[in-house]
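Letter by letter, the sequence shown follows residues 0 to 532 in numbering that gives the first Met the number 0.
The block underneath contains the structure these notes are about, expressed in structure tokens.
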Amino acid sequence: MAEAIQQLVLDTLDKDGSIKDTRTLTLPGHKEPAASHDAQIIILGALNSLSSREMITYTTQETLSHVLTPEGASIALNGSHEARVWAAVPAKGEGAPITPKELEAKIGGEIAKVGQGRAFKSKWIGKEGAGLIKLAPTIEDVTQLEMREVDSTGTLKTGEKALAELRKRKLIVQRKGQWFTVAKGPEFSTSTAKPETDLTVDMIASGAWKTSNFKKYNFEAEGIPLTGGALHPLMKVREEIRSIFLEMGFAEMPTGSFVESGFWCFDSLFVPQQHPAREVQDTFYLSDPSTSLPPPKDYYDRVSKVHEHGGYGSTGYRAPWSEAETRKLLLRTHTTASSAAMLYKLAARCRGEDVDPNNDGLATHSGSTQRTNADGSVDSSGFRPAKLFSIDRVFRNETMDATHLAEFHQVEGVVADRGLTLADLIGFMRVFFKKMGLENIRFKPAYNPYTEPSLEIFAFHPQLRKWVEVGNSGMFRPEMLEPMGFPKDVHVHGWGIGLERPTMIRYGISNIRTLVGHKVSIEGVEKSPAVRF
0 MAEAIQQLVL
10 DTLDKDGSIK
20 DTRTLTLPGH
30 KEPAASHDAQ
40 IIILGALNSL
50 SSREMITYTT
60 QETLSHVLTP
70 EGASIALNGS
80 HEARVWAAVP
90 AKGEGAPITP
100 KELEAKIGGE
110 IAKVGQGRAF
120 KSKWIGKEGA
130 GLIKLAPTIE
140 DVTQLEMREV
150 DSTGTLKTGE
160 KALAELRKRK
170 LIVQRKGQWF
180 TVAKGPEFST
190 STAKPETDLT
200 VDMIASGAWK
210 TSNFKKYNFE
220 AEGIPLTGGA
230 LHPLMKVREE
240 IRSIFLEMGF
250 AEMPTGSFVE
260 SGFWCFDSLF
270 VPQQHPAREV
280 QDTFYLSDPS
290 TSLPPPKDYY
300 DRVSKVHEHG
310 GYGSTGYRAP
320 WSEAETRKLL
330 LRTHTTASSA
340 AMLYKLAARC
350 RGEDVDPNND
360 GLATHSGSTQ
370 RTNADGSVDS
380 SGFRPAKLFS
390 IDRVFRNETM
400 DATHLAEFHQ
410 VEGVVADRGL
420 TLADLIGFMR
430 VFFKKMGLEN
440 IRFKPAYNPY
450 TEPSLEIFAF
460 HPQLRKWVEV
470 GNSGMFRPEM
480 LEPMGFPKDV
490 HVHGWGIGLE
500 RPTMIRYGIS
510 NIRTLVGHKV
520 SIEGVEKSPA
530 VRF
């Protein structure tokens, strides 16, 4: 069929010199000219094939026409809803008026409901008592006539206003059509034989290549694009933040445990057992298994005592302590649970206790508990400053919106040393965020159960045009550090930032659901540039 249409086009061009309107062509096997949309689509395929061989050139001409919807086709065949209502209603004096329910049963509920209003408006029918009667002895079903005219011509003689009304009633839809003017190309021939694309051994041996027609080689054609994997923008930003930490002398903490106990996630951080964050509305708890193994007993006793009765200069929470609450298993709400375990191991070294060096993220323990201070004196506590970080997933039972998800990444860091102050923390945060390219930073005093003082960190989001919270920070409380075994003069900075929000700011994304989840554009991931803060 395709070759037959190509031959028809070439023969017509050879005979007439050009084709002014392809709608005048009669396709092979048809009696009527190819005026329909589908016929022109078939012709377009033949034209593209001939044009690629430079045998013809063609120009596309566009037209707008209308076609009937299924409802419009029904009206063209059976009459409009209002006309069918009029036909079903008895004339005055020729029978009992028909009630609306009887009318619906006679011609159908949808037709009766739609037709009654238009029949009343045209004054074709009226009310008599509780029923309906004819008011007009005869009618002209204009809607049916219009449907038939559109079906045959694609338009109406009455003009665009009448067409717009029919479109509004969803009886017709507009369709873009096309037809073509065709002229001879530089390689015009009435033969449809395809040119050779390859020079074969047989052609060389027989000499057929001398008379063969070869297809021109297109040196401007682009090659097939290579496909391959691509890093997600989150992973690009994650790697850049990780490089910043390593550049600043931090060691990475192991954070592979998504499931934590209530003790390490909350109790060890001096979060009260009555805190709202521990409710099921905010935290995902496990049902099987539901409880954890017990933590180290001596540490557990010190933590429970400072919560219930106080200590280390604190009055505690003076609230009942529940061991069952500490044993609950949950999806960690922050990676600070891992930080607490790491700080506990660091404090154990201060006490001269041996810890497993194989998987704790700390430098290998040398066995010595002595450290030389800046003044040359010997520090027998065994404390060594530490800078640790982690980047991993956390889970919170939150309502999802443009800036929140139930699962997200947290970037966390801790710095432990003697004599640290809040000024050190603010200064470090400014340097850290500057390396991330976020210089427009604000700090706001806040409350955290395990840090005092505490600061919320905000960055200005140029797309959302507002300040967005990007992190939280503070100095860990003595009620958290001293039960672990740290000396009183050892202070610890802690902070956490989201990975998603800096990524959104860096890539100009205003809705987090287009960064993570089923709405992510694969093409956007492939084309996202490498991040450089």
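Cβ atoms here follow ideal geometry from the backbone N, Cα and C, with glycine treated the same way.
Per-residue burial, residue i [other beta carbons within 10 Å of its own, 16 or more giving buried]
| i | result |
| --- | --- |
| I504 | buried |
| M435 | buried |
| G78 | buried |
| A203 | Reading the sequence as shown, one finds Ile at residue 203 and not Ala. Exposed, because fewer than 16 other Cβ atoms sit within 10 Å of the Cβ of I203. |
| P293 | exposed |
| G261 | buried |
| D10 | exposed |
| Q5 | buried |
| S190 | exposed |
| P444 | exposed |
| D287 | exposed |
| H490 | buried |
| G516 | exposed |
| Q369 | A caution first: Q369 carries a pLDDT of 45, below 50, which makes its placement in the model too unreliable to give a value. |
| Q273 | exposed |
| G360 | Only weak support is given to the placement of G360: the predicted model assigns it a pLDDT of 47, under 50, and the question is left unresolved by the model. |
| G108 | exposed |
| R464 | exposed |
| T332 | buried |
| M399 | exposed |
| L49 | buried |
| T210 | exposed |
| I456 | buried |
| H308 | exposed |
| N447 | buried |
Bounding residues of the alpha helix (DSSP H) (the contiguous stretch that carries residue i)
| i | result |
| --- | --- |
| F431 | 421 to 434 |
| I41 | 36 to 51 |
| E239 | 232 to 246 |
| M479 | 477 to 480 |
| I171 | Here I171 belongs to no alpha helix (DSSP H); instead the beta strand (DSSP E) covers 171 to 183. |
| R383 | From DSSP, R383 is part of no alpha helix (DSSP H); its letter is neither H nor E. |
| L342 | 335 to 349 |
| H80 | 80 to 87 |
| L12 | 1 to 15 |
| E186 | Segment: none, E186 is in no alpha helix (DSSP H) and carries neither H nor E. |
| G30 | According to the sequence displayed, residue 30 carries Lys and not Gly. K30 -> no alpha helix (DSSP H), and no H or E assigned at all. |
| G534 | This structure does not reach residue 534, given that the chain is present from 0 up to 532, and the question cannot be answered. |
| E525 | 521 to 526 |
| S211 | Where S211 is concerned, there is no enclosing alpha helix (DSSP H), given that its DSSP letter is neither H nor E. |
| S205 | 200 to 205 |
CB-CB length for residue i against residue j, believed under 8 Å
| i | j | result |
| --- | --- | --- |
| P452 | M474 | 6 Å |
| T62 | G176 | 4 Å |
| G28 | A1 | With a Cβ gap of about 13 Å, G28 and A1 do not count as contacting. |
| W263 | A336 | 5 Å |
| L329 | Y298 | Contact doesn't hold; Cβ gap of about 20 Å is too wide. |
| L498 | V279 | Actually they are not in contact, since the Cβ atoms of L498 and V279 sit about 26 Å apart, beyond 8 Å. |
| N212 | P194 | 4 Å |
| V524 | P232 | 7 Å |
| K133 | K91 | 7 Å |
| A104 | W123 | That belief does not hold up - the Cβ atoms of A104 and W123 are roughly 20 Å apart, past 8 Å. |
Limits of the beta strand (DSSP E) - the one that residue i falls within
| i | result |
| --- | --- |
| Y446 | 440 to 447 |
| L330 | 328 to 330 |
| V515 | Segment: none, V515 is in no beta strand (DSSP E) and carries neither H nor E. |
| T502 | No beta strand (DSSP E) contains T502, which is instead part of the alpha helix (DSSP H) from 499 to 506. |
| V413 | 406 to 417 |
| V66 | 55 to 67 |
| E451 | 450 to 460 |
Below-8 Å beta-carbon distance, residue i vs any chain B residue
| i | result |
| --- | --- |
| A38 | Among the chains of the structure shown, chain B does not appear; only one protein chain is present. |
Quick one: which unbroken alpha helix (DSSP H) runs of 4-plus residues sit fully inside the segment 259 to 316? Chain order, please.
261 to 264, 296 to 307
Which whole runs of the alpha helix (DSSP H) in the segment 134 to 163 are 4 residues long or more, in chain order?
141 to 152
The segment 110 to 129 in contact with the segment 75 to 87 per 3-pair CB rule at 8 Å
yes
Check whether the segment 165 to 176 and the segment 48 to 66 touch, using three or more Cβ-Cβ pairs below 8 Å as the test.
yes
Is the segment 217 to 231 touching the segment 414 to 425, taking contact as three or more C-beta pairs under 8 Å?
no
Pairing CB atoms from the segment 247 to 257 with CB atoms from the segment 384 to 398, are three or more of them under 8 Å?
yes
Hey, is the segment 151 to 162 in contact with the segment 6 to 21, meaning 3+ C-beta pairs nearer than 8 Å?
no
Should the segment 506 to 519 be regarded as contacting the segment 476 to 496, the criterion being three or more beta carbon pairs within less than 8 Å?
no
Do the segment 331 to 351 and the segment 299 to 307 make contact, defined as three or more Cβ pairs closer than 8 Å?
no
Please determine if the segment 160 to 170 and the segment 29 to 36 are in contact, where contact requires at least 3 C-beta pairs separated by less than 8 Å.
no
In the segment 105 to 131, which residue ranges form an unbroken alpha helix (DSSP H) of at least 4 residues, counting only runs that do not cross its ends?
108 to 120
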